[in-house]
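If you read the protein sequences in the order shown, they are chains A and B. For the first sequence, counting from 1, position 171 maps to 171 in our numbering; every step adds exactly one. For the second sequence, counting from 1, position 72 maps to 1072 in our numbering; every step adds exactly one.
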Amino acid sequence: MSVHLPQRPAPDPVRRADLRRALRAFLPADALLEQEEELRPYECDGLSAYRQLPLLVVLPRTVDEVRRILRLCAEREVPVVARGAGTGLSGGALPLADGIVLSLARFNRILSIDPVNRTAWVQPGVRNLAISEAAAVHGLYYAPDPSSQIACTIGGNVAENSGGVHCLKYGLTVHNVLAVRLITMDGELVQLGGEGLDAPGYDLLALFIGSEGMLGVVTEVCVRLLPKPERAQVVLAAYDDVEKAGAAVGEIIAAGIIPAGLEMMDGPAIQAAEAFVHAGYPTDAAAILLCEVDGTNQEVSEHIARVRELLLASGATEVRTARDEAERLRFWQGRKAAFPAVGRLSPDYYCMDGTIPRRKLPEVLRRTAELSAEYGLPVANVFHAGDGNMHPLILYNANNPGELERTEELGGKILELCVEVGGTITGEHGVGIEKIRQMCVQFSPEELHQFNAVKRAFDPKELLNPGKGVPTPRRCSEYRQLPQHRHEH
Amino acid sequence: MSNDDSERLQYAVCAAIAAKRPLAIRGGGSKAFLGRAPQGEPLDVAGHSGIVNYQPKELVLTARGGTTLEEIESALAEAGQMLPFEPPRFGPGATLGGTIACGLSGPARPYLGAARDLVLGTRVLTGRGEILRFGGEVMKNVAGYDVSRLMTGAYGTLGVLLELSLKVLPAPAATRTLSQERDPAQAIELMNRWAGRPLPVTATCYDGERLYVRLSGAEKGVAQAAAEIGGEPLAGAESFWREKIREQGHGFFAGNTPLWRLSVPQAAPPLALPGKQLIEWGGAQRWLRSDAPADAIREVVTRAGGHASLFRGGDRSGEVFHPLPAVLMTLHRRLKQAFDPDGLLNPGRLYADL
Chain A
1 MSVHLPQRPA PDPVRRADLR RALRAFLPAD ALLEQEEELR PYECDGLSAY
51 RQLPLLVVLP RTVDEVRRIL RLCAEREVPV VARGAGTGLS GGALPLADGI
101 VLSLARFNRI LSIDPVNRTA WVQPGVRNLA ISEAAAVHGL YYAPDPSSQI
151 ACTIGGNVAE NSGGVHCLKY GLTVHNVLAV RLITMDGELV QLGGEGLDAP
201 GYDLLALFIG SEGMLGVVTE VCVRLLPKPE RAQVVLAAYD DVEKAGAAVG
251 EIIAAGIIPA GLEMMDGPAI QAAEAFVHAG YPTDAAAILL CEVDGTNQEV
301 SEHIARVREL LLASGATEVR TARDEAERLR FWQGRKAAFP AVGRLSPDYY
351 CMDGTIPRRK LPEVLRRTAE LSAEYGLPVA NVFHAGDGNM HPLILYNANN
401 PGELERTEEL GGKILELCVE VGGTITGEHG VGIEKIRQMC VQFSPEELHQ
451 FNAVKRAFDP KELLNPGKGV PTPRRCSEYR QLPQHRHEH
Chain B
1001 MSNDDSERLQ YAVCAAIAAK RPLAIRGGGS KAFLGRAPQG EPLDVAGHSG
1051 IVNYQPKELV LTARGGTTLE EIESALAEAG QMLPFEPPRF GPGATLGGTI
1101 ACGLSGPARP YLGAARDLVL GTRVLTGRGE ILRFGGEVMK NVAGYDVSRL
1151 MTGAYGTLGV LLELSLKVLP APAATRTLSQ ERDPAQAIEL MNRWAGRPLP
1201 VTATCYDGER LYVRLSGAEK GVAQAAAEIG GEPLAGAESF WREKIREQGH
1251 GFFAGNTPLW RLSVPQAAPP LALPGKQLIE WGGAQRWLRS DAPADAIREV
1301 VTRAGGHASL FRGGDRSGEV FHPLPAVLMT LHRRLKQAFD PDGLLNPGRL
1351 YADL
């Protein structure tokens, strides 16, 4: 598993001891972890195939502590990896052997909710779902809902520009965050954005969101809250052919309806989900679509009727409207449990995250099936059909020698296929360490050089999460020299 | 009209780099009044035009920077779609590149998103003379930094926008505008109360006497919301929002008194400033006609949690955009350096130092 780990200098015990002493001088004893058994829980994030112990872990409580930690690390040129809940799926919070992990777990307070302006200031360690829970008394909620929303933190969401199943209508993190306060690697406090709808100067807020912890450390976030729709209703449609399901998605959108959620699952994913949560899915279907519309009562009635007509006309073998809230939740439960459900079929699974122009779906599914057969590794597909974001799940067994490496190679080929058809290697999970090689396929050396220049504008010594997100030109030229990996635009 | 002029533009930028000669990027010239005065030799982008890809079912449109908004909006209308951010044109030749470079959005902005929210990808000609592509034609894309959105509102100081991909939306089936007489405090309160409820509001405006609200969406949904909100139906609503508000044809905008744009939190109470105000965007965008000194205006707006820019007229020799804190200005300078090391693209258009 060492192939893509960042090349870092070996940790120097003398430097480590000096750093520990300097941190101890201003951090309380419980804010510094140094024993191996204390560091162990931080060795990986949600991409657990990659593991690395950090030099030390710090758990500050105040903005001033964060500032002093960063200043000290900048002075001593120690790399810093910021971490929220560690639910990320691309290894963005993977520690570096010669660096510290800065956990923001203790920044877990909702600072204020303004129901009239419909905003909330929260600390980065607040869980995504906790914001909606706290805003519920005002009839408001925070829209982006990644599937890890029970556990993942808003700081991590800002770092990854997280999405969820409602992106087509309600947008990503970048559309739902008004401001962040952050500390640069030099220890300077900066606010990007503001409580109004825009801020003067460059849109640094948009640049910062999704920057994978490489530009600064977030200490406060101002999120936009939306009114909870009066009503939501879901329709389930079954198909004997994936292509028909894909075409139906285009028909719904062409009819002028923007569903709140529009999800597709293929046969293997349907069967796994049904066996796990008994959502009532038709297990003989080649694909199902879940189409949710929300809004005012009248609006939902009008749209549901239209969606049903369109689905029937598109060749669905069955169209079911949830009869009540319990059934609506059951329809969704199968989709939401799809990853763990697939996980039950196999000792391990690997979740991919490419986005494609939706019209390319049949081609991509067909070629994914061919690759799956070639590698002898089954693939189940879960697809945010509304916005083209695919999550192929590769089933494998890490205990079989070489199988993880083959899985990664297959995953890499699927991502490169996404780029080839005009899409991207990552829709919402981030590049992290996982997709760093595929960045060389999606971007030219000049584009990567420009990304690195952006990084240095914020972090001239390249100490924040180095080796993640954007590859160095040297690594890319090595990768491009491998056969069949030539950059094409 | 479709013409790929990128080679000529790249050549022109490379020649400017060799001669260290600043360039003033120009599309349709409709927004020359915005920002600080253009300096440098004109670089004409209007000839680089045409819709490159439009897939109504994907809700994505890609066009060259010099394509006019008129061409884009008529192609969208044919497929029953629209640019959700309702960009103002401010002139017949307005181009997509200029619109995105200025980051301008119209009446729907608080409800359907700003220009920056809808930009999915760009092809940019940088001050290094390189043509780079960021983002793409898909809704969800987190590979690399979001340089496309960084370009939005950068006034061409970071690159020439050669090509843009935007998210588009279906045009609503039904639209209705209602109005009622209110005082400013009541108008702001109502705008925010409506926005806190799941109503299909897509524009709001208070002109000093009447509060206007536009509802758009499914037929029955709009009717239900109209009954709830109340007020008199407005005849000629489409031209009201387009000509009077978006294009600033309303009597409020006439005359030579400096026009300020104040961006504040939506529910900020009425701002005590000398001059007339027109309130839009649920309270978040307030237009001010005033001869008051810039510092006095900025102080009041800053206290309300916002920022002020001198939009039209007045003294444009100083900073017209709200001055930035020193740390933020440093980041701006370093980013400018990263994209345009010789400082040749639209120098001084956004801030004197950039």
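Glycine included, every Cβ here is placed at the ideal spot set by N, Cα and C. This one's a predicted model, so the numbers in the text were calculated from it and none came from an experiment.
- For residue 173 of chain A, the closest C-alpha among the options A:179, A:163 and A:182 is that of A:163.
- Annotation for residue 448 of chain A: the continuous alpha helix (DSSP H) segment containing it runs 445 to 458.
- Counting C-beta pairs closer than 8 angstroms gives three or more between the segment 1137 to 1154 of chain B and the segment 152 to 170 of chain A, which meets the contact rule.
- Taking 8 angstroms as the cut-off, the Cβ atoms of residue 1136 of chain B and residue 1165 of chain B count as close.
- Shown here, residue 1022 of chain B sits in coil according to DSSP, grouped into three states, outside any helix or strand.
- Listed in chain order, the positions of the segment 216 to 227 of chain A with a beta carbon within less than 7 angstroms of a beta carbon of chain B are 227.
- Counting C-beta atoms within 10 angstroms of its own C-beta, residue 435 of chain A has 16 or more neighbours from the protein chains shown and is therefore classed as buried.
- Partner residues in a beta bridge of residue 1090 of chain B, as assigned by DSSP, do not exist.
- With 16 or more neighbouring CB atoms inside 10 Å of its own CB, residue 1280 of chain B falls in the buried class.
- In this structure, the alpha-carbon of residue 1066 of chain B lies about 39 angstroms from that of residue 92 of chain A.
- With contacts defined by Cβ atoms closer than 8 angstroms, residue 1336 of chain B and residue 1158 of chain B form a contacting pair.
- Ranking A:30, A:239 and A:254 by CA distance to the CA of residue 1055 of chain B puts A:254 first.
- Not flagged as an interface residue toward chain B: residue 410 of chain A, since no C-beta distance is shorter than 8 angstroms.
- Annotated three-state conformation of residue 1311 of chain B is strand, per DSSP.
- Spanning the alpha carbons of residue 78 of chain A and residue 215 of chain A requires a straight line of approximately 15 angstroms.
- Assigned with DSSP and collapsed to three states, residue 1222 of chain B falls in helix.
- Residue 1259 of chain B and residue 258 of chain A have their C-alpha atoms spaced approximately 37 angstroms apart.
- With a cut-off of 8 angstroms on Cβ pairs, the segment 1013 to 1025 of chain B is in contact with the segment 1337 to 1348 of chain B, counting three or more such pairs.
- Look at residue 1036 of chain B here: in three-state DSSP terms it is coil, with no helix or strand label.
- Only exposed fits residue 1325 of chain B, as fewer than 16 other CB atoms lie within 10 angstroms of its CB.
- Neighbours of residue 458 of chain A in chain B, taken as residues whose beta carbon is under 9 angstroms from its own, are 1331, 1334 and 1335 in chain order.
- Minimum Cα-Cα distance from residue 467 of chain A among the listed residues A:96, A:61 and A:89 corresponds to A:96.
- Counting along the chain, residue 375 of chain A sits inside the alpha helix (DSSP H) bounded by residues 361 to 375.
- Interface flag for residue 1233 of chain B against chain A is unset, since no Cβ pair is found closer than 8 angstroms.
- At a cut-off of 3 residues, the continuous stretches assigned as beta strand (DSSP E) that sit fully inside the segment 117 to 192 of chain A are 119 to 122 and 177 to 183.
- Taking the Cα of residue 430 of chain A as reference, the smallest distance to any Cα among A:87, A:7, A:192 and A:26 is reached at A:87.
- Per DSSP, the beta bridge partners of residue 1286 of chain B are B:1262 and B:1279.
- By the rule that beta-carbons nearer than 8 angstroms mark a contact, residue 265 of chain A does not touch chain B.
- Put simply, of A:138, A:152, A:419 and A:460 the residue whose alpha carbon is nearest the alpha carbon of residue 85 of chain A is A:152.
- Any Cβ of chain B closer than 8 angstroms to the Cβ of residue 246 of chain A would place that residue at the interface, and such an atom is absent.
- Selection A:241, A:326, A:448 and A:462 evaluated against residue 318 of chain A yields A:241 as nearest (Cα-Cα).
- Residue burial is scored here from C-beta neighbours: residue 37 of chain A has fewer than 16 other C-beta atoms within 10 angstroms and is therefore classed as exposed.
- Taken in chain order, the members of the segment 402 to 428 of chain A whose beta-carbon sits within less than 7 angstroms of a beta-carbon on chain B are 422, 423, 424, 425, 426, 427 and 428.
- For residue 174 of chain A, the chain B residues whose C-beta falls within less than 9 angstroms of its own C-beta are 1116, 1117, 1146 and 1149, listed in chain order.
- Put simply, the segment 1120 to 1133 of chain B does not touch the segment 378 to 391 of chain A. Fewer than three CB pairs are less than 8 angstroms apart.
- Within the same chain, 1035, 1036, 1309 and 1310 come within 7 angstroms of residue 1320 of chain B by CB-CB distance, once the 5 residues on both sides are set aside.
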